[in-house]
Amino acid sequence: MDFNRIQEKLNILADAAKYDVSCASSGSDRTNRNKGLGNASKMGICHSYTEDGRCISLLKILLTNHCIFDCAYCVTRKSNDVQRAAFKIQEVVDLTINFYRRNYIEGLFLSSGIFKSADHTMERLVAVAKKLRVEENFNGYIHLKSIPGASDELMYEAGLYADRLSVNIEVPTISGLKLLAPDKKHEDFTKPMLKVRNEIVKYNAEHKIIKSTPKYAPAGQSTQMIVGASGETDKDIMYSATYYYKKYQMRRVYYSGYVPVAGDSRLPAIGSQVPMLRENRLYQSDWLLRFYGFAVNEIVNDDHPNLDMDVDPKLSWALRNMHLFPLDINKAEKALLARIPGVGMNSVNKILHARKFRKLNWGHLKKIGIAFNRAKYFMVCDSKNWERRDLDAAKIKGLILQNSTGKFRKQYGNQLALFN
Amino acid sequence: MKPSTTLIYDGSFNGFLTAVFVAFDEKINVADIQKNSEVQNGLFSETETVFTHVEKAKRVWNGIRNKSHNAISNVYFAFLSETEGVELMLYTYIQKLMTTKSGKQIDYSDNIVLYINQLARKVGREKHRMEAFVRFQLTKDDIYFANIEPDFDVLPLISKHFRNRYADQQWLIYDVKRNYGIYYNLDHVEMVSLNLKDIHHNKIRKSDAFVNEEYDYQTLWNDYFRSTHIKSRINPKLHRQHVPKRYWKYLSEKKQAV
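Note that the protein sequences, when read in sequence, are chains A and B.
Here our numbering is used: the first residue of the first sequence is -16, the next is one more, and so on.
Here our numbering is used: the first residue of the second sequence is 15, the next is one more, and so on.
Structural data, given as structure tokens:
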């Protein structure tokens, strides 16, 4: 191994790949075969965390950062003056295997700048995955980036070796895409997505009849959107996320607060704040859609196109729908319990179990672990001292904010600072 | 009323299950269940030493499992937490479980049930952390070696995970705190205890027990780790929350920080 060369390449190509936020290594059902190396079944593991608190579970690198495109938001765009490098296929394979054997990673996340053509690039990505699976008998997790515009044949082959495939649509609106990435067409993104979705549907159908059908992308597809680069509203983002969840059966949509990497007049200037709070609220909404049974138009709609920054989306929804509350925690059905602010799905399940034994009061609920400060305005239970005052939504919001602390509080505190 | 009795067992999980069996079988009014290494005599109770009996232990295990799979893993996980006084809590937990018609419903409003559940969660979290934070180093004998120092005794819980994953390499994970390890010899996992001259946590000094290439890969991993953060998003508090400081000395990517 030529250590110095590899080290230099790794530094360049890992640095360029870090803006991809997807780090999932779960959801696959690939088990160890023939006493080979690795096991990617079920749960994911975060082997370490970056100093910004994101999970490191995969070796996330670009095959190369040479690129023929010039997308304004991207750090490896053609016109950016950065050092360029490219890995050989064998080098990526060796790195992956050796990191995996030392229990550093769950597998490989391989993306790439587009050199020559989409198909040419995709072919190389597939070759890495194939070598790992066939020659090294590697059963760890592989996440491949589908290159926009890649042909159906290559996408089919990619799914045979990878656990997850993803195309980042990056800009949630078509008009934004025209502005920021004029070389790319919306169809280029959706074509590989559609092919992969169709293959997964086909695999699921065949697998029911023939158990030995070769696996096809068992951990499904995901995508990513940049937040705060093209002036879109939260409604635009959540609606297009819902579209991708439904139409392409995405396992995950990731939201990435735009980190300014380019001095371009179409984008926020370098040094401007990364919209982390907004990103956080979007993820909260995403969870409400996927696990709490909310519909997207309950969270954002024409009257309410942006999420509240000072309260979470569920509380915000509850405050707009005060007529539904308070709920009786000992009687309400599961779907309604899940809508009480400050009560998560874990607590909902515990409550459902526990209330078969006795009527629950505040003491029980606190021990179960609900966020009492938020929840108490929206429910009654087997305690006498429930909230009797007839408070309106604005009052409740004020009380909750007064009696709580939040890590983002200084960003939206509407109280004026005394000294500055 | 029968006088209360303190049961003494040998400290193993099977020993504990045998004690539970004896308590049920002889209808003992249990004052406490204690390890023979840390016996404290009660003022008004008798003591009885229980000899581990695998068949009896198995009957208790099966009895709990037939009630609920969830409960048996809770009992095992909570036992491994080595918390003081957990045995008596577990005994009460098992008693409560046996009186319910179906073990499927869990009474989260009961203090002991909730406590055992939370304890099992804690141990589960530590197990998961160890699956993540073990860092193998390749020795000259071609064994991938790692030291750990977990809060709870999780080696028995992680053995299957590593066996399934690293089926084609020899590996050894050694618990420095409890002085035993598990070794996989390409066929099965066995328990070993070593006379470790030094503990291989992060040192800048290289040990000659490992192959040269090992340190190259550690450097690469370190470099990779450093290039993954985005400067404008740095959040040290969150980082420490996910990777608590007590684990740093065995994590090669935190070499500089230790």
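We treat Cβ as the ideally placed atom computed from N, Cα and C, and that holds for glycine.
- Rounded to a whole number of angstroms, what is the C-alpha to C-alpha distance between residue 70 of chain B and residue 28 of chain B? As a working mapping, residue 70 of chain B is identified with position 56 in the second sequence. As a working mapping, residue 28 of chain B is identified with position 14 in the second sequence. Going by the C-alpha atoms only, they are around 9 Å apart.
- Output the distance between the C-alpha atoms of residue 233 of chain A and residue 269 of chain A, rounded to the nearest integer angstrom. Reading the first sequence from its first residue, position 250 is the one you call residue 233 of chain A. Reading the first sequence from its first residue, position 286 is the one you call residue 269 of chain A. In a straight line, the C-alpha of residue 233 of chain A is about 12 Å away from that of residue 269 of chain A.
- Message: What does the Cβ neighbour count give for residue 318 of chain A, buried or exposed, with the cut at 16 atoms within 10 Å?
- Response: Sequence index remark: in the first sequence, residue 318 of chain A carries index 335 (1-based). Residue 318 of chain A should be labelled exposed.
- Message: In chain order, what are the residue ranges of uninterrupted beta strand (DSSP E) at least 3 long that sit wholly in the region 332 to 401 of chain A?
- Response: none
- At a Cβ threshold of 8 Å, is residue 87 of chain B touching chain A? Position 73 of the second sequence, counted from the start, is the residue given in the question as residue 87 of chain B. Not one chain A Cβ lies under 8 Å of residue 87 of chain B.
- Message: Within the continuous beta strand (DSSP E) that includes residue 60 of chain B, where are the two ends?
- Response: Position 46 of the second sequence holds residue 60 of chain B. Element bounds for residue 60 of chain B: 60 to 63.
- Message: Quick test of your reading: residue 145 of chain B and residue 28 of chain A, contact by CB under 8 Å. State the CB separation rounded to the nearest angstrom.
- Response: Counted from its first residue, the second sequence places residue 145 of chain B at position 131. Counted from its first residue, the first sequence places residue 28 of chain A at position 45. Between residue 28 of chain A and residue 145 of chain B the Cβ distance is about 6 Å, and since that is below 8 Å, they are a contact.
- Locate the beta strand (DSSP E) running through residue 253 of chain A, then write down its first and last residues. Translated into the one-based positions of the first sequence, residue 253 of chain A becomes position 270. Per DSSP, residue 253 of chain A belongs to no beta strand (DSSP E) and is neither H nor E.
- Chain-ordered neighbours of residue 168 of chain A on chain B, where CB pairs are closer than 8 Å: If you number the first sequence from 1, residue 168 of chain A lands on position 185. Under the 8 Å cutoff, chain B gives no residues; its nearest Cβ is about 29 Å from residue 168 of chain A.
- Coarse secondary structure for residue 36 of chain A, derived from DSSP in three states: One-based indexing of the first sequence puts residue 36 of chain A at position 53. In the structure shown, residue 36 of chain A sits in coil (DSSP, three-state: anything other than H, G, I, E or B).
- Query: What residue range is occupied by the uninterrupted beta strand (DSSP E) comprising residue 23 of chain B?
  - Reply: The residue given as residue 23 of chain B occupies position 9 in the second sequence. Note, residue 23 of chain B: beta strand (DSSP E), 18 to 23.
- Could you check where the alpha helix (DSSP H) with residue 237 of chain B kicks off and where it finishes? Sequence index remark: in the second sequence, residue 237 of chain B carries index 223 (1-based). 226 to 241 is the extent of the alpha helix (DSSP H) around residue 237 of chain B.
- If you draw a straight line from the alpha carbon of residue 223 of chain B to that of residue 126 of chain B, how long is it in whole angstroms? Reading the second sequence from its first residue, position 209 is the one you call residue 223 of chain B. Reading the second sequence from its first residue, position 112 is the one you call residue 126 of chain B. Their backbone Cα atoms lie some 48 Å apart in a straight line.
- Please list the partners that residue -7 of chain A has in chain B, where partner means a Cβ-to-Cβ separation under 7 Å. As a position in the first sequence, residue -7 of chain A is number 10, starting the count at 1. Near residue -7 of chain A (Cβ distances below 7 Å), the residues of chain B are 234, 237, 238.
- Can you give, in chain order, each stretch of the beta strand (DSSP E) that sits fully within the region 153 to 185 of chain B and has at least 3 residues? 157 to 162
- Taking the alpha-carbon positions, what's the residue 263 of chain B to residue 70 of chain A distance? Reading the second sequence from its first residue, position 249 is the one you call residue 263 of chain B. Reading the first sequence from its first residue, position 87 is the one you call residue 70 of chain A. Spanning the two alpha carbons is a distance of roughly 32 Å.
- Message: At a CB distance below 7 Å, what residues from the region -4 to 30 of chain A approach chain B? Give them in sequence order.
- Response: -3, -2, 1, 15, 18, 19, 20, 21, 22, 28, 29, 30
- In the DSSP assignment, what are the bridge partners of residue 206 of chain B? For the purposes of this step, residue 206 of chain B is taken as residue 192 along the second sequence, with counting starting at 1. Residue 206 of chain B is bridged to B:195.
- Message: Please list, in chain order, the chain A residues whose beta carbon lies closer than 9 Å to that of residue 264 of chain B.
- Response: One-based indexing of the second sequence puts residue 264 of chain B at position 250. Ordered by position in chain A, no residue passes the 9 Å Cβ test against residue 264 of chain B, which lies about 11 Å from the chain.
- Query: For chain B, is any of its Cβ atoms less than 8 Å away from the one on residue 64 of chain A?
  - Reply: What you label residue 64 of chain A is simply residue 81 of the first sequence in a count that begins at 1. Answer no: the Cβ-Cβ gap between residue 64 of chain A and chain B never drops below 8 Å.
- Message: Give me the chain B residues within the contact set of residue 36 of chain A, using Cβ-Cβ distance strictly less than 7 Å, ordered along the chain.
- Response: Taking the first sequence and counting its residues from 1, the one referred to as residue 36 of chain A is at position 53. Per Cβ cutoff of 7 Å: 249, 252, 253, 256.
- Going by other Cβ atoms of all chains shown within 10 Å of its Cβ, with 16 needed for buried, is residue 307 of chain A buried or exposed? Here residue 307 of chain A corresponds to residue number 324 of the first sequence, with the count starting at 1. Exposed, because fewer than 16 other Cβ atoms sit within 10 Å of the Cβ of residue 307 of chain A.
- Message: For residue 199 of chain B, which residues in the same chain have their Cβ closer than 8 Å to its Cβ, ignoring the five residues on either side in sequence?
- Response: The sequence position of residue 199 of chain B within the second sequence is 185, counting from 1. 184.
- Message: Taking beta-carbon pairs under 7 Å, can you tell me which members of the region 100 to 127 of chain B lie near chain A?
- Response: 119, 120, 121, 122, 123
- Query: Mind checking whether residue 68 of chain B and residue 78 of chain B have CB atoms under 8 Å apart?
  - Reply: Your numbering for residue 68 of chain B matches position 54 in the second sequence. Your numbering for residue 78 of chain B matches position 64 in the second sequence. Cβ distance not < 8 Å, so residue 68 of chain B and residue 78 of chain B don't count as in contact.
- Message: With the cut-off set at 8 Å, would you say residue 112 of chain A and residue 45 of chain A are in Cβ contact?
- Response: Taking the first sequence and counting its residues from 1, the one referred to as residue 112 of chain A is at position 129. Taking the first sequence and counting its residues from 1, the one referred to as residue 45 of chain A is at position 62. No, the Cβ-Cβ distance between residue 112 of chain A and residue 45 of chain A is not below 8 Å.
- Item | Residues within the region 177 to 190 of chain B neighbouring chain A, beta-carbon criterion of under 8 Å | 178, 179, 180, 181, 182, 183
- Task: My understanding is that residue 79 of chain A touches residue 115 of chain A, with C-beta atoms under 8 Å, so please give their C-beta distance in whole angstroms.
- Result: In the first sequence, the residue the question calls residue 79 of chain A occupies position 96. In the first sequence, the residue the question calls residue 115 of chain A occupies position 132. Rounded, the Cβ-Cβ distance is 6 Å, consistent with contact.
- Item | Beta-carbon neighbours of residue 340 of chain A, restricted to chain B and to distances below 7 Å | In the first sequence, residue 340 of chain A corresponds to position 357, counting from 1. Per Cβ cutoff of 7 Å: 121, 123.
- Along the chain, where does the beta strand (DSSP E) that runs through residue 43 of chain B open and close? As a first step, residue 43 of chain B is located in the second sequence; it is residue number 29 there, counting from the start. Residue 43 of chain B -> beta strand (DSSP E) spans 43 to 49.
- Start and end residues, alpha helix (DSSP H) containing residue -10 of chain A: Indexing the first sequence from 1 puts residue -10 of chain A at position 7. Counting along the chain, the alpha helix (DSSP H) containing residue -10 of chain A begins and ends at -14 to 0.
- Item | Interface residues of the region 140 to 160 of chain B facing chain A [CB-CB below 9 Å] | 142, 145, 146, 147, 148, 149, 150, 151, 152, 158, 160
- Identified DSSP bridge partners for residue 27 of chain B: By one-based count along the second sequence, residue 27 of chain B stands at place 13. Beta-bridge pairing links residue 27 of chain B to no other residue.
- Task: Report yes if the CB atom of residue 362 of chain A is closer than 8 Å to the CB atom of residue 323 of chain A, and no otherwise.
- Result: Stepping through the first sequence from its first residue, residue 362 of chain A is reached at position 379. Stepping through the first sequence from its first residue, residue 323 of chain A is reached at position 340. It is a contact, given that the beta carbons lie within the stated cut-off.
- Proximal residues of chain A, C-beta to C-beta of residue 267 of chain B below 7 Å: Translated into the one-based positions of the second sequence, residue 267 of chain B becomes position 253. Within chain A, the residues near residue 267 of chain B are 31.
- Message: Once the 5 residues before and after residue 403 of chain A are set aside, which same chain residues still bring their CB inside 6 Å of it?
- Response: Start at 1 with the first residue of the first sequence, and residue 403 of chain A comes out as number 420. Caution applies to residue 403 of chain A, whose pLDDT of 47 falls short of 50 and renders its modelled position unreliable; the value that the coordinates give is listed next. Closer than 6 Å at Cβ, skipping near neighbours: no residue.
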